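Student: Residue numbers for the sequence shown follow the numbering used here, so the first one is -19 and each next one is one higher. One structure, pasted below without further comment.
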Amino acid sequence: MMRCRELLTATLVGVVLSVQALDASAAEALPIIPGAAGFGMETPAGSGRHLDVPKTRVIRVTNLKPDGPGSLRAALEAEGPRVVVFEVSGNIDFTPYGDLSVKHPYVTVAGHTAPSPGITLKGCQVQVRTHDVVIQHIRIRVGDLLDPERPLRNKAGWTQWSERDCMKVGGDRVVIDHCSLSWATDENVQTRGNDLTFRHCIFSEALDSAKHHKGGHSRGLLIMNQGPANTRREGQRVAVIGNLFAHNKGRNPTVNGGAEAVIANNLVDDAHFAMKGDCTARRGHQLISAMGNVVKRTRYPVVARAMHPETRYYFAPDNVFNGRTFDSVADVWKEVFMPFKPGVAQASRAAKAPIAVPGLTVKPAAEVEEWVLANAGARPADRDPVDARVVKSVREQTGSILASQKDVGGWPELEENHRALAPPEDPNKDDDRDGYTNLEEWLHAFAADVEGRR
């Protein structure tokens, strides 16, 4: 009898432990944005869910100053798991300061918590130098107003004024969601991290400024692997999903040598070069899966510059290039521009995707244009005049590549509004037991509002 009880107890304990293990596994796999697929989506970001007992803190941005208590800079420079919320709207002018740096991990920047019309970072380059970061519903518009006679030197290090991005991402497990990125004097965004997702963003009007050392250099998104093949590889598992690339001359996006990317359901308009694989043998092989994209008003919709024998490019038949549709992979390759060693580039042609995002359902290309225009950018239900103008230009097939933000009137004035926020009393608990903390679900409601989902 005792033996039976021992067996029953052991069985029950085993069942409980199995259920707990399943719960833990489900929590680990929970995407930081509900229902979203992408690389790095398993990040807990600022939620604190990676701790044995979830715990985070809410840091409030209460003013539009570039520095000091209550500023965005102070929130980003804090340490430990944290969620940055905004009790103010308007332009934060970083022109005299230049850069913001995210050096400490486990942070969520929740731009959707700001009152209307949201937050714009003026004259700012954001450098993500750490892991497990989510940035949502923020506009970054750099411009060309800085003093050309001196480089910037500040808390974030230094950068030459004439070659500035909206964002540089050098950490792993970083998600950039519903952000608007424009008027950089180099590319709007450069990445060197692994397990990254750019989702529902607008990359627009990178400046074709002669102030860049190469001359005009209007570029959208550069996915990099900087080092040789025998070093730590960067640019691994990068997802570019549901974005608008408008009025950038090139890099819409460009995947550099040794990097790996899924490019799906994006809309590219008014470019010289759209998607580009630029692979050198020194940096290792490259993998690209491009599916369900729409490219308009672009001289070279796809460029393949492959010089490594293990590079594989998959350009699915369900892409639309300048109004042309395709019946097969071979048919798509008739549109591929191969500027260097075309034989090697042809050998890189893949019949199926060499890299995939788990759980991603790719929309048919026929649905992409309207879907992207309705959903891309910061606060798509509450757009600022710049995003509204860019989206309108794509719909009407107008607009152009800019030399300066002055060509379109510069930064619009945004109203400074204030709104006190009341996070949940038990922010770290999970009252409905769905895996997300009460604080996360509170944030989700703000996102639904500014995205027009309720």
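Backbone N, C-alpha and C fix where the C-beta goes; we use that ideal spot for every residue, glycine too. Remember, it's a predicted structure, so these values are computed and weren't measured experimentally.
What are the boundary residues of the alpha helix (DSSP H) that D311 is part of?
Tutor: Within the sequence shown, the letter at position 331 stands for residue 311. From DSSP, the alpha helix (DSSP H) with D311 extends over V309 to V312.
Student: According to DSSP, what are the bridge partners of E167?
Tutor: The residue labelled residue 167 in the question sits at position 187 within the sequence shown. E167 is bridged by DSSP to R199.
Student: How far does the beta strand (DSSP E) with V155 in it reach, from first residue to last?
Tutor: Taking the sequence shown and counting its residues from 1, the one referred to as residue 155 is at position 175. Per DSSP, V155 belongs to the beta strand (DSSP E) from V154 to D157.
Student: Cβ of I156 within 7 Å of Cβ of F178?
Tutor: For the purposes of this step, residue 156 is taken as the residue at position 176 of the sequence shown. For the purposes of this step, residue 178 is taken as the residue at position 198 of the sequence shown. Yes. Within cutoff.
Student: With C-beta atoms as the reference, is A495 less than 7 Å away from D112?
Tutor: Because the chain is modelled from -19 through 434, residue 495 falls outside the range shown and cannot be assessed.
Student: So, under 8 Å CB-CB, V374 and S162 are touching, yes? Tell me the CB distance rounded to an integer number of Å.
Tutor: Here the question's residue 374 lines up with position 394 in the sequence shown. Here the question's residue 162 lines up with position 182 in the sequence shown. V374 to S162, Cβ: 13 Å. No contact.
Student: Taking the DSSP output, what are the residues bridged to N236?
Tutor: Translated into positions along the sequence shown, residue 236 becomes position 256. D258, per the DSSP bridge assignment.
Student: Confirm, please, whether the CB-CB distance from P46 to F66 is below 7 Å.
Tutor: Within the sequence shown, numbered from 1, the residue matching residue 66 stands at position 86. Within the sequence shown, numbered from 1, the residue matching residue 46 stands at position 66. Taking 7 Å as the Cβ cut-off, F66 and P46 do not qualify as a contacting pair.
Student: Does the distance from the CB of L446 to the CB of V169 come in under 7 Å?
Tutor: With the chain covering only -19 through 434, there is no way to say anything about residue 446.
Student: So, are the CB atoms of F253 and V283 less than 7 Å apart?
Tutor: Within the sequence shown, the letter at position 273 stands for residue 253. Within the sequence shown, the letter at position 303 stands for residue 283. Result yes, Cβ atoms of F253 and V283 sit closer than 7 Å.
Student: Take V154 and list the residues in its own chain whose beta-carbon comes closer than 7 Å to its own, dropping the five residues that flank it on each side.
Tutor: Taking the first residue of the sequence shown as 1, we reach residue 154 at position 174. The residues are G20, V108, V113, G173 and L176.
Student: By Cβ distance, which residues of its chain are closer than 7 Å to R292, with the 5 residues on each side in sequence left out?
Tutor: Counting from 1 along the sequence shown, the entry for residue 292 is found at position 312. The answer, listed in chain order, is L267, S328, A330 and P334.
Student: Quick check: the Cα distance between A400 and K83, rounded to an integer number of angstroms?
Tutor: As a working note, residue 400 is residue 420 in the sequence shown. As a working note, residue 83 is residue 103 in the sequence shown. Approximately 28 Å between the Cα atoms of the pair.
Student: Could you give the residue range of the beta strand (DSSP E) that holds L382?
Tutor: Against the sequence shown, residue 382 aligns to sequence position 402. Neither: L382 is in no beta strand (DSSP E) and is coded neither H nor E.
Student: Inspect the beta-carbon positions of F320 and V312 and report whether they are closer than 7 Å.
Tutor: On the sequence shown, residue 320 is found 340 positions in, with the first residue counted as 1. On the sequence shown, residue 312 is found 332 positions in, with the first residue counted as 1. Taking 7 Å as the Cβ cut-off, F320 and V312 do not qualify as a contacting pair.
Student: Check whether the region 400 to 412 touches the region 144 to 154, counting contact only when three or more Cβ pairs, one atom from each stretch, lie closer than 8 Å.
Tutor: no
Student: Kindly indicate which residue of E395, G15 and K409 has the alpha-carbon position closest to the one of D32.
Tutor: The sequence position of residue 32 within the sequence shown is 52, counting from 1. Among E395, G15 and K409, the Cα nearest to that of D32 is on K409.
Student: Output the distance between the C-alpha atoms of P95 and V63, rounded to the nearest integer angstrom.
Tutor: The sequence position of residue 95 within the sequence shown is 115, counting from 1. The sequence position of residue 63 within the sequence shown is 83, counting from 1. Rounded to whole angstroms, P95 to V63 spans 17 Å at the Cα level.
Student: Name the residue from G264, D250, V220 and N228 whose alpha carbon lies nearest to the alpha carbon of A244.
Tutor: On the sequence shown, residue 244 is found 264 positions in, with the first residue counted as 1. When each option's Cα is compared against that of A244, the closest is V220.
Student: What does the Cβ neighbour count give for E347, buried or exposed, with the cut at 16 atoms within 10 Å?
Tutor: If you number the sequence shown from 1, residue 347 lands on position 367. Exposed is the call here.
Student: What residues are listed by DSSP as bridge partners for N71?
Tutor: As a position in the sequence shown, residue 71 is number 91, starting the count at 1. The partner list for N71 (beta bridge, DSSP) reads T100.
Student: Have a look at the DSSP bridge pairing and note the partners of Q105.
Tutor: For the purposes of this step, residue 105 is identified with residue 125 of the sequence shown, where counting begins at 1. The bridge partners DSSP lists for Q105 are D79.
Student: Which residue from G70, S27, G48 and T42 puts its Cα closest to that of W391?
Tutor: Taking the sequence shown and counting its residues from 1, one reaches residue 391 at position 411. Among G70, S27, G48 and T42, the Cα nearest to that of W391 belongs to G70.
Student: Should H180 and Q116 be called a contact, given that it needs their Cβ atoms to be closer than 7 Å?
Tutor: Reading the sequence shown from its first residue, position 200 is the one you call residue 180. Reading the sequence shown from its first residue, position 136 is the one you call residue 116. For H180 and Q116, no; Cβs fall outside 7 Å.
Student: Would you check if the distance between the CB atom of Q326 and the CB atom of G123 is smaller than 7 Å?
Tutor: Here residue 326 is taken as the residue at index 346 of the sequence shown, counted from 1. Here residue 123 is taken as the residue at index 143 of the sequence shown, counted from 1. It is not a contact, given that the beta carbons lie outside the stated cut-off.
Student: Considering only C-alpha positions, which residue in the set S308, V316 and V274 is nearest to D258?
Tutor: Taking the first residue of the sequence shown as position 1, residue 258 is located at position 278. The residue with the shortest Cα to Cα distance from D258 is V316.
Student: Go through its chain and collect everything with a Cβ distance to P85's Cβ below 8 Å, but skip five positions before and after it.
Tutor: To locate residue 85, count along the sequence shown from 1; it is residue 105. Closer than 8 Å at Cβ, skipping near neighbours: T110, H111, D112, V113 and G151.
Student: Which residues bound the beta strand (DSSP E) around Q116?
Tutor: Taking the sequence shown and counting its residues from 1, one reaches residue 116 at position 136. From DSSP, the beta strand (DSSP E) with Q116 extends over V113 to Q116.
Student: Buried or exposed, going by whether 16 or more other CB atoms sit within 10 Å of the CB of G432?
Tutor: Mapped onto the sequence shown, residue 432 falls at position 452. G432 is exposed by the Cβ-count criterion.
Student: Would you list the one or two residues that DSSP bridges to A90?
Tutor: As a first step, residue 90 is located in the sequence shown; it is residue number 110 there, counting from the start. Answer is Q116.
Student: Should D250 and R277 be called a contact, given that it needs their Cβ atoms to be closer than 7 Å?
Tutor: By one-based count along the sequence shown, residue 250 stands at place 270. By one-based count along the sequence shown, residue 277 stands at place 297. In this structure, the beta-carbon distance from D250 to R277 falls below 7 Å.
Student: Grouping DSSP H, G and I as helix and E and B as strand, with all else coil, what is K276?
Tutor: By 1-based counting over the sequence shown, the position of residue 276 is 296. In this structure, K276 counts as strand in the three-state DSSP scheme.
Student: Comparing C-alpha positions only, which one of G264, E393 and I39 sits nearest to R121?
Tutor: Position 141 of the sequence shown, counting from 1, holds the residue named residue 121. The option with the nearest alpha carbon to R121 is E393.
Student: In the DSSP assignment, what residue or residues form a beta bridge with Y293?
Tutor: To locate residue 293, count along the sequence shown from 1; it is residue 313. Paired residue(s): I268 and R329.
Student: Within the same chain, show all residues whose beta-carbon is closer than 6 Å to that of D429, passing over the 5 residues directly before and after it, in chain order.
Tutor: Translated into the one-based positions of the sequence shown, residue 429 becomes position 449. Cβ within range, chain order: n/a, list empty.
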